[in-house]
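Student: Let me begin by handing over the structure; questions about it come next.
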Amino acid sequence: MIWRPFFYKWHKWCSAAAGLLTFIWFGSGVVMMTPRSLFPAETVPAARQSALPDFREAKIPLPAAIAALEAATGQPVEITGVSLRRVHGRLLYSFSTPRSGQHFVDAITGEKFVITEDVAQEIALASLERIGPLGSGSRIEKYGWEYNWGPLPAWRFEAQDSAATIVYVGVSNGEVRACGRACRVRGFLADTHTLSFLRPILPNWSVKLIMLVFSIIGLAMTMLGSAILWLHLRNWWQGRWRTA
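Per numbering that gives the first Met the number 0, numbering of the sequence shown is gapless, rising by one per residue and ending at 243.
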């Protein structure tokens, strides 16, 4: 039959591709299930970095805080959410906006508060235990290979320790993340499970397309393997009757 070599040829190459993808998928799944203690990482959300705020300490009423924010930005601000929180020991109004992200206004002095490089470094040192001295910071504006989730923008600091720890501090909420060399390796391996490591460099639709292609390859391999198995069973059954 002229179509039989086609089955065998394409099944061989589909099996090779599917085997590689299956190895990556199962291997990354094993990495995802390993105890995180083997790959030290630490995330300190802003809400847990200090004691709960006492609303009675606020000296500036909310309308005055909004007016101070508009005066600092030089334009009217559309507010979608307000919360009171402590960041770096200061009591702040946190304003959410649909276009310009998060803004802080000091609830005691009425001044606009910005997490600058120096403030971010102080927040990181105060929030993390057993962290070495931090070098100069750089501001991250978009996701990349190393930083592919978390608040944006963020300040990035390299700690001077044996684990090559990198610390990130969110500009919008003060969240602190610390990830060492082993943590970054684990993150990359785990991201191969869903190809998340491609999302910073490729559009979301293209990553989904790649996953779809991989799924089709696996499906084609399964169907061709089933067809080959059926051919073998049929030939075995026919040969059995011929020799009977």
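Note that beta-carbon positions come from the ideal geometry of N, C-alpha and C, so glycine has one too. In this text, all values refer to a predicted model and were calculated from it rather than measured experimentally.
For Ala-162, which residues of its own chain have a beta-carbon under 8 Å away from its beta-carbon, when the five flanking residues on both sides are left out?
Tutor: Pro-39, Gly-179, Arg-180 and Ala-181, listed in sequence order.
Student: What does DSSP give as the partner residues of Thr-96 in its beta bridges?
Tutor: Note: Thr-96 sits in a beta bridge opposite Gly-100.
Student: For a quick check, are the C-beta atoms of Arg-138 and Pro-150 less than 7 Å apart?
Tutor: Not a contact, by the Cβ cut-off of 7 Å.
Student: Taking only three categories from DSSP, how would you classify Asp-117?
Tutor: Helix, per DSSP.
Student: Kindly indicate which three-state DSSP category Ser-82 falls into: helix, strand or coil?
Tutor: Ser-82: strand per DSSP, three-state reduction.
Student: Phe-112 bridges to which residues according to DSSP?
Tutor: Per DSSP, Phe-103.
Student: Name the DSSP beta bridge partners of Ser-195, please?
Tutor: DSSP, once it has assigned bridges, lists no residue as partnering Ser-195.
Student: What whole-angstrom Cβ distance do Gly-173 and Val-86 have, given they're in contact under 8 Å?
Tutor: Between Val-86 and Gly-173 the Cβ distance is about 5 Å, and since that is below 8 Å, they are a contact.
Student: Can you tell me where the beta strand (DSSP E) with Phe-156 in it begins and where it stops?
Tutor: Residues 153-157.
Student: From the DSSP output, in three-state form, read off Ile-215 for me.
Tutor: Three-state result, Ile-215: helix.
Student: Is the stretch 87-98 touching the stretch 51-71, taking contact as three or more C-beta pairs under 8 Å?
Tutor: Yes, since at least three Cβ pairs between the stretch 87-98 and the stretch 51-71 fall closer than 8 Å, the two stretches touch.
Student: Buried or exposed: where does Val-113 fall if 16 or more other Cβ atoms within 10 Å of its Cβ makes it buried?
Tutor: Exposed, because fewer than 16 other Cβ atoms sit within 10 Å of the Cβ of Val-113.
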